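Chemist: For the sequence shown, the residue numbers in the numbering used here are 6 to 418.
Every residue gets a Cβ at the ideal spot worked out from N, C-alpha and C, and that includes glycine.
Just so it is clear, the structure is predicted and the values come from calculations on it, not from any experiment.
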Amino acid sequence: MHTYQSPLDLVRERSPERPVALARPGAVTVAARWFRKNFDGGVFYAVKANPSPWVLRALAEGGIKAFDVASIPEIEQVRAHAPGAKIAFMHPVKSRSAIARAYADHGVRTFALDTHEELAKILEACGGARDLELIVRLAVEAPGAAYALGGKFGACSLEAPALLLAARRATQDVMGVSFHVGSQCMRPQAFLAAMAQASRALVRAGVFADVVDVGGGFPSVYPGMTPPDLSEYVAAIDRGFGEMMVHEATRLWCEPGRALSAEGASLLTRVELRKKDALFLNDGAYGSLFDAAHAKWPFPARLVRGEGEGAEELAPFRFFGPTCDSADHMPGPFWLPEDVREGDYVEIGMLGAYGVALASRFNGFGEVETAKVGDPPMASMFGLAPRCLPTFHRDAGTVMNLKRARGKRRRRR
Numbered sequence: 006m007h008t009y010q011s012p013l014d015l016v017r018e019r020s021p022e023r024p025v026a027l028a029r030p031g032a033v034t035v036a037a038r039w040f041r042k043n044f045d046g047g048v049f050y051a052v053k054a055n056p057s058p059w060v061l062r063a064l065a066e067g068g069i070k071a072f073d074v075a076s077i078p079e080i081e082q083v084r085a086h087a088p089g090a091k092i093a094f095m096h097p098v099k100s101r102s103a104i105a106r107a108y109a110d111h112g113v114r115t116f117a118l119d120t121h122e123e124l125a126k127i128l129e130a131c132g133g134a135r136d137l138e139l140i141v142r143l144a145v146e147a148p149g150a151a152y153a154l155g156g157k158f159g160a161c162s163l164e165a166p167a168l169l170l171a172a173r174r175a176t177q178d179v180m181g182v183s184f185h186v187g188s189q190c191m192r193p194q195a196f197l198a199a200m201a202q203a204s205r206a207l208v209r210a211g212v213f214a215d216v217v218d219v220g221g222g223f224p225s226v227y228p229g230m231t232p233p234d235l236s237e238y239v240a241a242i243d244r245g246f247g248e249m250m251v252h253e254a255t256r257l258w259c260e261p262g263r264a265l266s267a268e269g270a271s272l273l274t275r276v277e278l279r280k281k282d283a284l285f286l287n288d289g290a291y292g293s294l295f296d297a298a299h300a301k302w303p304f305p306a307r308l309v310r311g312e313g314e315g316a317e318e319l320a321p322f323r324f325f326g327p328t329c330d331s332a333d334h335m336p337g338p339f340w341l342p343e344d345v346r347e348g349d350y351v352e353i354g355m356l357g358a359y360g361v362a363l364a365s366r367f368n369g370f371g372e373v374e375t376a377k378v379g380d381p382p383m384a385s386m387f388g389l390a391p392r393c394l395p396t397f398h399r400d401a402g403t404v405m406n407l408k409r410a411r412g413k414r415r416r417r418r
């Protein structure tokens, strides 16, 4: 992976044909160290957010020693780049062969479940082993997330007590409870509400949990979404844990994905064509811009022009990706200099989470290079950059002008 001082230096030196994932591993390491220092429990990185080898290595450098995985390939990725790490197989529905391979070949002992059928499957696939850490996932009602994740997984309040009791009886090691408040949670109080529901389920089951896993949902910064400080989330979790019916030895876990990796990468795209307010880019909805299309998130964007400056006035643009599908559309608005043109590059920020991880090869596109850059992310929850991003409103009559930093030419190191 080549290193550049900034995206501008990369464009001046190479004028890349393909999209480039701009890696900032230092930002990932800073985020990891924050969680290790401030979260009083086990921190499991949700590998689904970004399984890139450089991310896993940066997390390990920051002290992350545990990983939440959903498949055998993710397990193999962790074993290759963070050897010796603890792995938790937290997908609530797994194939028998995946369970057996995880247990026998990779030493995995921690498995999530949300039904009696999955519990039986785990026990059978592991040959009746009793050294299992069984984590029961609950469905909770905790409004406040950009993405609600309660529709697919989680035992409901009526089913949970019997399942918790069955899991408790099935293992001589660890039985725990988990939930997910939803992705990009904007309300710390959502964790309090979810933990209260988990506590009630444990009381009704008449069992103690050895682990309380509060899942993910820890947010990052996007235009129009400036969450509370992460310390407020930790404080809410600490308070909720103190109010739960648990014993003194009960451990606390969390599974951050977005919060650990979002600041760690941006995407450098090239403008292939301009049609009025529409920019056709070489990446899109079927590549690294899934959320910009399907969730309509207006990620921060800035012009990177190899020679010359962009116009002072900014204008709102929408993006189209490279595929032949009309759904390959990112409505934005994305505010850029009004004279943006074919051949310019656009850096789209805060894509370290759920960017390249979601890319497909539809229409033969989706291949992305990776390069390391030395400049800070566009925004940061950890003091590396401003903690908020400007939101532009077409009707407001005032438009903030974000000037591109004037980088000097630097040779590749």
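For Leu273, which residues of its own chain have a beta-carbon under 6 Å away from its beta-carbon, when the five flanking residues on both sides are left out?
Modeler: In the sequence shown, residue 273 corresponds to position 268, counting from 1. Result list for Leu273: Pro12, Val25, Leu27, Tyr350 and Glu352, in chain order.
Chemist: Any idea what DSSP makes of Gln82, helix, strand or coil?
Modeler: Here residue 82 refers to the residue found at position 77 when the sequence shown is read from its first residue. Gln82: helix per DSSP, three-state reduction.
Chemist: Name the DSSP beta bridge partners of Gly181, please?
Modeler: As a working mapping, residue 181 is identified with position 176 in the sequence shown. Ile140 and Val216, per the DSSP bridge assignment.
Chemist: Using only CA atoms, which one of Glu122, Glu66, Met6 and Ala144 lies nearest to Ala165?
Modeler: On the sequence shown, residue 165 is found 160 positions in, with the first residue counted as 1. The candidate whose alpha carbon is nearest that of Ala165 is Ala144.
Chemist: What does the Cβ neighbour count give for Asp14, buried or exposed, with the cut at 16 atoms within 10 Å?
Modeler: The residue you call residue 14 lines up with position 9 of the sequence shown. Buried, because 16 or more other Cβ atoms sit within 10 Å of the Cβ of Asp14.
Chemist: Under three-state DSSP, which class holds Gly247?
Modeler: Working through the sequence shown from its first residue, we reach residue 247 at position 242. Residue state, collapsed to three classes: helix.
Chemist: Quick one: what's got a C-beta closer than 7 Å to Asp296's C-beta in the same chain, skipping five residues either side?
Modeler: As a first step, residue 296 must be located in the sequence shown, where it is residue number 291. Leaving aside the five residues that flank Asp296 on each side, the residues in its chain whose CB is nearer than 7 Å to its CB run, in chain order, Trp302 and Tyr359.
Chemist: Can you give the Cα-Cα distance for Met405 and Arg41, rounded to whole angstroms?
Modeler: Walking along the sequence shown from the start, residue 405 turns up at place 400. Walking along the sequence shown from the start, residue 41 turns up at place 36. Because Met405 carries a pLDDT of 31, less than 50, the predicted location of this residue cannot be relied on, and the following value inherits that uncertainty. Their backbone Cα atoms lie some 37 Å apart in a straight line.
Chemist: Would you identify the three-state DSSP class for Tyr291, choosing helix, strand or coil?
Modeler: Within the sequence shown, the letter at position 286 stands for residue 291. Three-state DSSP puts Tyr291 in coil, outside helix and strand.
Chemist: Which term fits Val60, buried or exposed, when burial requires 16 or more other beta carbons within 10 angstroms of its beta carbon?
Modeler: Taking the sequence shown and counting its residues from 1, the one referred to as residue 60 is at position 55. Classification of Val60: buried, given that the 10 Å Cβ count is 16 or more.
Chemist: Do you know whose CA, among Met6, Glu22, Pro305 and Ile140, lies nearest Gly181's CA?
Modeler: Stepping through the sequence shown from its first residue, residue 181 is reached at position 176. Scanning Met6, Glu22, Pro305 and Ile140 for the CA closest to the CA of Gly181 turns up Ile140.
Chemist: Could you pull the DSSP bridge partners for Lys280 from this structure?
Modeler: The residue given as residue 280 occupies position 275 in the sequence shown. Partner(s): Ala283.
Chemist: Within 10 Å of its beta-carbon, does Gly112 have 16 or more other beta-carbons around it, so buried, or fewer, so exposed?
Modeler: Here residue 112 refers to the residue found at position 107 when the sequence shown is read from its first residue. Exposed is the call here.
Chemist: Using a Cβ distance threshold of 8 Å, determine whether the region 78-91 contacts the region 45-59, with at least three qualifying pairs required.
Modeler: yes
Chemist: Would you decide whether Glu129 is buried or exposed? Buried here means 16 or more other CB atoms lie within 10 Å of its CB.
Modeler: In the sequence shown, counting from the first residue as 1, residue 129 sits at position 124. It is exposed - the Cβ of Glu129 has fewer than 16 other Cβ atoms within 10 Å.
Chemist: CB-CB under 7 Å to Phe44, same chain, minus the five flanking residues each way: which ones, in chain order?
Modeler: Position 39 of the sequence shown, counted from the start, is the residue given in the question as residue 44. Cβ within range, chain order: Val239 and Cys259.
Chemist: Taking the Cβ atom as the reference point for each residue, do Ala241 and Pro305 lie within a distance shorter than 9 Å?
Modeler: Against the sequence shown, residue 241 aligns to sequence position 236. Against the sequence shown, residue 305 aligns to sequence position 300. Cβ distance not < 9 Å, so Ala241 and Pro305 don't count as in contact.
Chemist: Enumerate in chain order the residues of its own chain whose CB-to-CB distance from Arg23 is below 8 Å, with the five nearest sequence positions on each side excluded.
Modeler: In the sequence shown, counting from the first residue as 1, residue 23 sits at position 18. Asn287, Glu372, Val373 and Glu374, listed in sequence order.
Chemist: Does Met386 come out as helix, strand or coil in the three-state DSSP assignment?
Modeler: Translated into the one-based positions of the sequence shown, residue 386 becomes position 381. Correct three-state label for Met386: coil.
Chemist: Of the residues Gly46, Val16, Ala75 and Arg29, which one's Cα is nearest the Cα of Thr255?
Modeler: Residue mapping note: residue 255 aligns to position 250 of the sequence shown, counting from 1. Comparing Cα positions, the closest option is Gly46.
Chemist: Give me, in chain order, the residues of the same chain whose beta-carbon lies closer than 6 Å to that of Leu169; leave out the 5 immediate sequence neighbours on both sides.
Modeler: Residue mapping note: residue 169 aligns to position 164 of the sequence shown, counting from 1. Taken in chain order, the residues that qualify are Val141, Ala210 and Val212.
Chemist: Quick one: grab the DSSP three-state call for Ile77.
Modeler: In the sequence shown, residue 77 corresponds to position 72, counting from 1. Note: Ile77 maps to helix in three-state DSSP.
Chemist: Check each candidate in Lys280, Leu197, Arg205 and Pro78 and name the one with the smallest Cα separation from Asp110.
Modeler: Here the question's residue 110 lines up with position 105 in the sequence shown. Here the closest residue by C-alpha is Pro78.
Chemist: Out of Gln202, Tyr227 and Gly369, which has the shortest C-alpha to C-alpha gap to Val219?
Modeler: For this step, residue 219 is matched to residue 214 along the sequence shown. Answer by Cα proximity: Gln202.
Chemist: Suppose the cutoff is 7 Å on Cβ atoms and the five residues either side in sequence are ignored; what does the same chain contact list for Leu389 look like?
Modeler: Locating residue 389 in the sequence shown gives position 384, where the first residue counts as 1. For Leu389, where only same-chain residues beyond five positions count, the Cβ hits under 7 Å are Ala32, Val35, Glu268, Pro381 and Pro382.
Chemist: Going by DSSP in three states, Gly47 sits in which element: helix, strand or coil?
Modeler: Here residue 47 refers to the residue found at position 42 when the sequence shown is read from its first residue. Strand, per DSSP.
Chemist: Buried or exposed: where does Asp234 fall if 16 or more other Cβ atoms within 10 Å of its Cβ makes it buried?
Modeler: Looking up residue 234 in the sequence shown gives position 229. Exposed: under 16 other Cβ atoms inside 10 Å.
Chemist: State the beta-bridge partners of Ala270 as determined by DSSP.
Modeler: Walking along the sequence shown from the start, residue 270 turns up at place 265. Ala28, per the DSSP bridge assignment.
Chemist: Grouping DSSP H, G and I as helix and E and B as strand, with all else coil, what is Val378?
Modeler: For the purposes of this step, residue 378 is identified with residue 373 of the sequence shown, where counting begins at 1. Reduced to three states, the DSSP call for Val378 is strand.
Chemist: Can you give me the C-alpha to C-alpha distance between Gly402 and Ala320, rounded to a whole angstrom?
Modeler: Taking the sequence shown and counting its residues from 1, one reaches residue 402 at position 397. Taking the sequence shown and counting its residues from 1, one reaches residue 320 at position 315. Residue confidence for Gly402 is low, a pLDDT of 30 falling below 50, so the modelled location carries little weight; the figure read from the coordinates is stated next. For the pair Gly402 and Ala320, the Cα-to-Cα distance works out to about 12 Å.
Chemist: First and last residue of the beta strand (DSSP E) that includes Phe196?
Modeler: As a working note, residue 196 is residue 191 in the sequence shown. Segment Gln194 to Ala210 is the alpha helix (DSSP H) holding Phe196; no beta strand (DSSP E) there.
Chemist: CA-CA distance, Gln10 and Thr120?
Modeler: Position 5 of the sequence shown holds residue 10. Position 115 of the sequence shown holds residue 120. Approximately 51 Å, taken between the alpha carbons.
Chemist: For Met6, is the classification buried or exposed, using 16 other Cβ atoms within 10 angstroms of its Cβ as the cut-off for buried?
Modeler: Taking the sequence shown and counting its residues from 1, one reaches residue 6 at position 1. Classification of Met6: exposed, given that the 10 Å Cβ count is below 16.
Chemist: Just verifying my parser: in three-state terms, what is the DSSP assignment at Gly369?
Modeler: In the sequence shown, the residue the question calls residue 369 occupies position 364. Looking at Gly369 - three-state DSSP - the assignment turns out to be helix.
Chemist: So, at 7 Å on beta carbons, what are the nonlocal neighbours of Glu237 in its own chain, with the 5 sequence-adjacent residues on each side left out?
Modeler: Here residue 237 refers to the residue found at position 232 when the sequence shown is read from its first residue. So the qualifying residues of the chain are Pro193.
Chemist: How would you write the range of the alpha helix (DSSP H) that Ala171 sits in, first residue to last?
Modeler: Stepping through the sequence shown from its first residue, residue 171 is reached at position 166. It spans Ala165 to Ala175 - the alpha helix (DSSP H) in which Ala171 sits, taken as one unbroken run.
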